[in-house]
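In the working numbering, the protein residues as written are 616 to 971. Every residue gets a Cβ at the ideal spot worked out from N, C-alpha and C, and that includes glycine. Predicted, not measured: the structure shown is a model, and the values here were computed from it.
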């Protein structure tokens, strides 16, 4: 009972810090972009279209002729009302985010699958074969994943699996049909609560397509996403393998495991207890890694030309597109805060010793 009350008070404290954290992230990001000594409106319009009347109109429309705090308040108000317009594309930023975020979710899922499939087995094997040749190579692999520049690995993978082997495709992102989209919208409008959940999940094409029987979309997505997913998994998998190895070795030297050995428990039961104790910090790392993937792997999406949030933010940053920067930061900060909260709750469920 006291644990539940403690957990409830912890959740309340986290919710109270939710809004200040989001506002703080938005304000810091905005100020960094604001102090850059350049004219963002000229970057939007381009060198060949710098008509003075167009520049002046855009400056007035986006409050660049007002103090910074008025401009910041204007961007936030427009974002929350869904009327913030991307000045380069001329479309609402919310619409662009809604189209691109599901693609980033697909990439994050593939990246996390490869990260788990690579990192956890290697870490367990390295811990079981401590100081062996296998352990040595796992540690070398972890060092490789932590030190190699991401874009170098990506281009080598493209060269090997796309140029030479032709085992992947890089052009385009498959979507389900308009009739499938209409069917999902119908489910949202006719089934209360659960229908909206189904619709939200279905916005990710790899989940929405099977709901309409369009399984070719799933296979096309796998063909296009497995290579960037593998690239992300190789980078994160080595780090996860090192965390798993070290956590397991720490668990095996803990007093509870030593006592279990003294009682004569079988190796299977000892490993089960050790894995349970070791996976609490691993879940934390995996949760934060997944949050990082959800916020858009900017380099991966740029190199593999995946039109997700990472590429969208990269394009916005290079042109000092304040609406894109603010919208992306707002989404990313919410994702990180929510994922942190979920990870903390899972941590508490895995490890009963945690008290809030």
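Give me the Cα-Cα distance between residue i and residue j, rounded to the nearest whole angstrom.
i: residue 626; j: residue 894; result: 22 Å
i: residue 869; j: residue 876; result: 11 Å
i: residue 645; j: residue 717; result: 25 Å
i: residue 806; j: residue 822; result: 18 Å
i: residue 784; j: residue 650; result: 41 Å
i: residue 776; j: residue 929; result: 25 Å
i: residue 890; j: residue 758; result: 23 Å
i: residue 740; j: residue 816; result: 35 Å
i: residue 695; j: residue 840; result: 32 Å
i: residue 768; j: residue 726; result: 14 Å
i: residue 630; j: residue 955; result: 12 Å
i: residue 972; j: residue 818; result: Here the chain comprises residues numbered 616 to 971, so residue 972 is not present and cannot be evaluated.
Do residue i and residue j have their C-beta atoms within less than 9 Å of each other?
i: residue 600; j: residue 738; result: Because the chain in this structure spans residues 616 to 971, residue 600 falls outside the shown range and cannot be described.
i: residue 921; j: residue 833; result: no
i: residue 923; j: residue 715; result: yes
i: residue 765; j: residue 850; result: yes
i: residue 872; j: residue 866; result: yes
i: residue 916; j: residue 820; result: no
i: residue 912; j: residue 640; result: no
i: residue 732; j: residue 860; result: no
i: residue 842; j: residue 797; result: no
Suppose the cutoff is 6 Å on Cβ atoms and the five residues either side in sequence are ignored; what does the same chain contact list for residue i look like?
i: residue 734; result: 852, 855 and 856
i: residue 810; result: 802 and 803
i: residue 883; result: none
I need the DSSP call for residue i, collapsed to helix, strand or coil.
i: residue 914; result: helix
i: residue 764; result: coil
i: residue 700; result: strand
i: residue 682; result: coil
i: residue 825; result: helix
i: residue 655; result: helix
i: residue 922; result: coil
With a CB to CB cut of under 7 Å and the five nearest residues on each side skipped, what residues in its chain are close to residue i?
i: residue 792; result: 829
i: residue 825; result: 833
i: residue 728; result: 844
Starting from the C-beta of residue i, find all residues in its chain whose C-beta is less than 8 Å away, skip the five residues before and the five after it, and write them out in chain order.
i: residue 949; result: 637
i: residue 946; result: 712, 716, 910 and 924
i: residue 814; result: 799, 800, 802 and 803
i: residue 770; result: 918
Inside the segment 833–916 only - alpha helix (DSSP H) runs reaching at least 4 residues: 870–877 and 882–909
Within the segment 755–806, ranges of the beta strand (DSSP E) (whole runs, at least 3 residues): none
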